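To start, the structure itself, in C-alpha coordinates.
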Amino acid sequence: MLELFCQIFPSTGWESFCSLSSVHTVFQGKGTVPEDNISLTGGLWVPGIRNILCEEAAYEERRYPAGKWACVTKGEPMYEQSISMSFMKLMRYICKENSVGCYLGMTVPVLNEIHLTKDETELEREVITAYYLPGEFQQNPPVPMDPEIHITERAPLRVITRVFYGMTTEETILREINLFWELLGSTDTVLRETYIVASYENPSIPQRRNEIWFICRAE
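So that you can map any letter, position 18 of the sequence shown is 443 in the numbering used here, and since no number is skipped, the others follow by simple counting.
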(Lines of atoms letter the chains of each structure in order from A and count residues from 1; the text may use other names and numbers.)
(Lines give C-alpha, C1' and ligand atoms only; values in the text may rest on other atoms or scores of the structure.)
Protein backbone atom coordinates (compact mmCIF):
# COMPACT_ATOMS: atom_id res chain seq x y z
CA MET A 1 0.00 0.00 0.00
CA LEU A 2 2.89 2.34 0.63
CA GLU A 3 3.71 2.31 -3.09
CA LEU A 4 0.11 3.15 -4.04
CA PHE A 5 -0.09 5.76 -1.29
CA CYS A 6 2.96 7.52 -2.71
CA GLN A 7 1.37 7.50 -6.16
CA ILE A 8 -1.72 9.18 -4.70
CA PHE A 9 0.30 11.75 -2.77
CA PRO A 10 3.52 12.29 -4.78
CA SER A 11 6.32 14.70 -3.85
CA THR A 12 5.25 15.15 -0.25
CA GLY A 13 7.55 13.01 1.85
CA TRP A 14 4.46 11.51 3.50
CA GLU A 15 5.71 8.00 2.81
CA SER A 16 7.65 8.34 6.07
CA PHE A 17 4.41 8.72 8.01
CA CYS A 18 3.18 5.17 7.71
CA SER A 19 3.79 1.79 6.16
CA LEU A 20 0.67 0.67 4.30
CA SER A 21 -0.38 -2.46 2.43
CA SER A 22 -3.53 -1.33 0.57
CA VAL A 23 -5.59 1.84 0.16
CA HIS A 24 -9.25 2.07 1.09
CA THR A 25 -11.60 4.87 0.07
CA VAL A 26 -16.31 6.42 -0.68
CA PHE A 27 -18.78 7.92 -4.04
CA GLN A 28 -19.16 8.96 -7.49
CA GLY A 29 -21.22 7.81 -10.34
CA LYS A 30 -24.70 8.84 -11.35
CA GLY A 31 -27.28 7.89 -8.77
CA THR A 32 -25.47 6.14 -5.95
CA VAL A 33 -22.10 4.86 -4.83
CA PRO A 34 -20.49 2.48 -7.38
CA GLU A 35 -20.27 -1.20 -6.50
CA ASP A 36 -16.53 -1.27 -5.90
CA ASN A 37 -16.70 2.05 -4.02
CA ILE A 38 -13.16 2.96 -5.06
CA SER A 39 -12.19 6.38 -6.40
CA LEU A 40 -9.61 7.06 -9.10
CA THR A 41 -7.10 7.99 -6.41
CA GLY A 42 -7.61 4.69 -4.62
CA GLY A 43 -9.57 6.05 -1.68
CA LEU A 44 -13.19 5.49 -0.65
CA TRP A 45 -15.70 8.09 -1.79
CA VAL A 46 -17.68 9.87 0.90
CA PRO A 47 -21.17 8.29 0.57
CA GLY A 48 -23.63 10.41 -1.36
CA ILE A 49 -26.27 10.64 -4.08
CA ARG A 50 -25.84 12.65 -7.29
CA ASN A 51 -28.41 14.48 -9.41
CA ILE A 52 -26.94 16.13 -12.50
CA LEU A 53 -28.70 19.48 -12.93
CA CYS A 54 -26.91 20.93 -15.95
CA GLU A 55 -24.46 18.86 -17.98
CA GLU A 56 -23.53 21.80 -20.22
CA ALA A 57 -22.45 23.93 -17.25
CA ALA A 58 -21.05 20.87 -15.46
CA TYR A 59 -22.75 21.29 -12.13
CA GLU A 60 -24.90 18.95 -10.11
CA GLU A 61 -26.75 18.45 -6.85
CA ARG A 62 -25.51 16.02 -4.22
CA ARG A 63 -26.92 14.77 -0.94
CA TYR A 64 -24.69 13.44 1.83
CA PRO A 65 -25.96 11.67 4.95
CA ALA A 66 -25.05 12.62 8.50
CA GLY A 67 -21.71 11.21 9.61
CA LYS A 68 -18.64 11.61 11.76
CA TRP A 69 -15.72 13.66 10.51
CA ALA A 70 -12.26 14.43 11.90
CA CYS A 71 -11.84 18.21 11.72
CA VAL A 72 -9.01 20.70 12.10
CA THR A 73 -9.48 24.48 12.23
CA LYS A 74 -6.69 26.80 11.08
CA GLY A 75 -6.48 30.55 10.50
CA GLU A 76 -3.15 31.14 8.76
CA PRO A 77 -2.48 34.30 6.69
CA MET A 78 -2.99 32.37 3.43
CA TYR A 79 -5.71 29.84 2.63
CA GLU A 80 -3.21 27.35 1.17
CA GLN A 81 -1.19 27.46 4.37
CA SER A 82 -4.24 26.63 6.46
CA ILE A 83 -5.37 23.66 4.38
CA SER A 84 -1.83 22.25 4.00
CA MET A 85 -1.18 22.36 7.75
CA SER A 86 -4.58 20.84 8.53
CA PHE A 87 -4.17 18.12 5.90
CA MET A 88 -0.80 17.10 7.31
CA LYS A 89 -2.34 16.77 10.77
CA LEU A 90 -5.18 14.67 9.41
CA MET A 91 -2.78 12.43 7.48
CA ARG A 92 -0.86 11.68 10.66
CA TYR A 93 -4.14 10.79 12.35
CA ILE A 94 -5.17 8.59 9.41
CA CYS A 95 -1.80 6.83 9.23
CA LYS A 96 -1.24 5.89 12.86
CA GLU A 97 -1.54 8.73 15.38
CA ASN A 98 -4.85 7.49 16.75
CA SER A 99 -6.07 5.36 19.66
CA VAL A 100 -6.16 2.14 17.62
CA GLY A 101 -2.63 2.70 16.30
CA CYS A 102 -3.35 1.66 12.72
CA TYR A 103 -4.04 3.06 9.25
CA LEU A 104 -7.70 4.11 9.08
CA GLY A 105 -8.13 4.37 5.30
CA MET A 106 -8.31 7.44 3.10
CA THR A 107 -11.65 8.91 2.01
CA VAL A 108 -12.30 11.60 -0.57
CA PRO A 109 -13.12 14.36 -0.90
CA VAL A 110 -11.52 16.17 2.00
CA LEU A 111 -13.69 19.21 2.73
CA ASN A 112 -12.53 22.75 3.46
CA GLU A 113 -15.28 24.95 4.89
CA ILE A 114 -14.78 28.65 4.25
CA HIS A 115 -16.62 31.88 5.09
CA LEU A 116 -16.74 35.16 3.21
CA THR A 117 -16.47 38.60 4.77
CA LYS A 118 -19.69 40.65 4.97
CA ASP A 119 -18.93 42.45 1.72
CA GLU A 120 -18.23 39.07 0.05
CA THR A 121 -14.89 40.25 -1.35
CA GLU A 122 -12.49 38.23 0.83
CA LEU A 123 -12.23 34.94 2.69
CA GLU A 124 -12.27 34.89 6.46
CA ARG A 125 -9.00 33.42 7.73
CA GLU A 126 -10.54 30.52 9.64
CA VAL A 127 -10.83 27.34 7.56
CA ILE A 128 -12.25 24.02 8.79
CA THR A 129 -10.69 20.99 7.07
CA ALA A 130 -12.68 17.76 7.47
CA TYR A 131 -11.94 14.08 6.76
CA TYR A 132 -14.83 11.60 6.62
CA LEU A 133 -14.25 8.54 8.79
CA PRO A 134 -14.62 5.21 6.92
CA GLY A 135 -17.74 3.17 7.68
CA GLU A 136 -16.07 0.78 10.11
CA PHE A 137 -15.10 3.71 12.34
CA GLN A 138 -18.34 5.68 12.21
CA GLN A 139 -19.80 4.21 15.41
CA ASN A 140 -16.59 4.35 17.45
CA PRO A 141 -14.13 6.84 15.93
CA PRO A 142 -10.49 6.37 16.98
CA VAL A 143 -9.39 9.13 19.33
CA PRO A 144 -6.84 11.52 17.76
CA MET A 145 -3.51 11.95 19.53
CA ASP A 146 -3.36 15.53 18.26
CA PRO A 147 -5.54 17.79 20.47
CA GLU A 148 -6.21 20.07 17.48
CA ILE A 149 -8.18 17.30 15.75
CA HIS A 150 -11.82 17.06 16.80
CA ILE A 151 -14.33 14.35 15.90
CA THR A 152 -17.56 16.03 14.82
CA GLU A 153 -20.99 14.68 13.91
CA ARG A 154 -22.05 16.63 10.85
CA ALA A 155 -25.69 16.92 9.81
CA PRO A 156 -27.00 15.71 6.42
CA LEU A 157 -25.84 17.99 3.65
CA ARG A 158 -27.33 18.99 0.31
CA VAL A 159 -25.04 20.90 -2.04
CA ILE A 160 -24.77 22.20 -5.60
CA THR A 161 -21.29 21.40 -6.91
CA ARG A 162 -19.01 22.35 -9.79
CA VAL A 163 -15.54 21.04 -10.68
CA PHE A 164 -12.47 23.21 -11.19
CA TYR A 165 -8.76 22.43 -11.46
CA GLY A 166 -5.58 23.97 -10.13
CA MET A 167 -4.26 25.58 -6.98
CA THR A 168 -6.85 26.84 -4.53
CA THR A 169 -5.70 30.32 -3.62
CA GLU A 170 -8.06 32.92 -2.19
CA GLU A 171 -8.15 34.56 -5.63
CA THR A 172 -9.10 31.38 -7.50
CA ILE A 173 -11.74 30.42 -4.94
CA LEU A 174 -13.41 33.83 -5.12
CA ARG A 175 -13.32 33.64 -8.91
CA GLU A 176 -14.94 30.20 -8.90
CA ILE A 177 -17.62 31.34 -6.46
CA ASN A 178 -18.47 34.36 -8.63
CA LEU A 179 -18.50 32.25 -11.80
CA PHE A 180 -20.80 29.71 -10.18
CA TRP A 181 -23.20 32.46 -9.12
CA GLU A 182 -23.29 33.68 -12.72
CA LEU A 183 -24.22 30.18 -13.87
CA LEU A 184 -26.89 29.65 -11.21
CA GLY A 185 -28.41 33.10 -11.44
CA SER A 186 -30.39 34.74 -8.67
CA THR A 187 -31.52 32.25 -6.02
CA ASP A 188 -32.10 32.23 -2.29
CA THR A 189 -31.95 28.44 -1.95
CA VAL A 190 -28.23 28.37 -1.09
CA LEU A 191 -26.11 30.11 1.55
CA ARG A 192 -24.12 33.17 0.50
CA GLU A 193 -21.69 33.42 3.41
CA THR A 194 -20.47 29.81 3.77
CA TYR A 195 -19.00 27.56 1.07
CA ILE A 196 -17.03 24.32 0.84
CA VAL A 197 -13.98 23.60 -1.30
CA ALA A 198 -13.79 19.83 -1.84
CA SER A 199 -10.29 18.45 -2.48
CA TYR A 200 -9.67 15.15 -4.26
CA GLU A 201 -5.87 15.23 -4.38
CA ASN A 202 -2.85 16.20 -2.30
CA PRO A 203 -2.67 20.01 -1.84
CA SER A 204 0.85 20.06 -3.34
CA ILE A 205 -0.37 18.93 -6.80
CA PRO A 206 -0.61 22.06 -9.03
CA GLN A 207 -3.42 20.90 -11.37
CA ARG A 208 -5.39 18.98 -8.80
CA ARG A 209 -9.13 18.38 -9.02
CA ASN A 210 -11.34 20.48 -6.75
CA GLU A 211 -15.01 21.30 -6.44
CA ILE A 212 -16.79 24.37 -5.14
CA TRP A 213 -19.87 23.45 -3.10
CA PHE A 214 -22.80 25.80 -2.59
CA ILE A 215 -24.66 24.72 0.54
CA CYS A 216 -28.42 24.41 0.15
CA ARG A 217 -30.67 25.81 2.84
CA ALA A 218 -32.66 23.35 4.93
CA GLU A 219 -35.78 22.14 3.16
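In this text, a Cβ means the ideal position worked out from N, Cα and C, and glycines have one as well.
All values derive from a computational prediction rather than experimental measurement.
query, result
"Within 8 Å, strictly: CB atoms of P559 and G530", "yes"
"DSSP three-state assignment for E551, whether helix, strand or coil", "coil"
"Candidates I508, D544 and P502: closest to E538 by CA position", "I508"
"Sequence-distant residues of the same chain with beta carbon closer than 7 Å to T614, five excluded per side", "C641 and R642"
"At least three beta-carbon pairs within less than 8 Å, the stretch 579-597 to the stretch 626-642", "yes"
"Burial state of C520 (16 or more Cβ within 10 Å)", "buried"
"Status (buried if at least 16 other CB within 10 Å, exposed otherwise) for L536", "buried"
"Distance between R583 and E485 (C-alpha atoms, nearest Å)", "11 Å"
"Cβ-Cβ separation, E505 to T619 (assumed contact under 8 Å), whole Å", "Contact flag wrong, Cβ pair sits at about 19 Å."
"Distance between T554 and K499 (C-alpha atoms, nearest Å)", "8 Å"
"For R587, three-class secondary structure by DSSP", "strand"
"Proximity below 8 Å, CB of V471 to CB of T532", "yes"
"Closest Cα partner of V552 within the set E607, E644, I598 and G610", "I598"
"Residue span of the alpha helix (DSSP H) that contains S511, given as start and end", "Y504 to C520"
"Through-space distance from R579 to L608, alpha-carbon basis", "28 Å"
"Same chain, Cβ closer than 8 Å to W574, five either side skipped, listed in chain order", "Residue identity differs from the one stated: residue 574 is Ile in this sequence, not Trp. Around I574: A495, C496, V497, K514, L515 and Y518."
"Cutoff 6 Å; reference W616; Cβ partners in own chain excluding five residues on either side", "The question names Trp, but residue 616 in the sequence shown is Leu. For L616, where only same-chain residues beyond five positions count, the Cβ hits under 6 Å are I640."
"Boundaries (first-last residue) of the alpha helix (DSSP H) holding L604", "E595 to L609"
"Contact under 8 Å by Cβ, N523 with P569", "yes"
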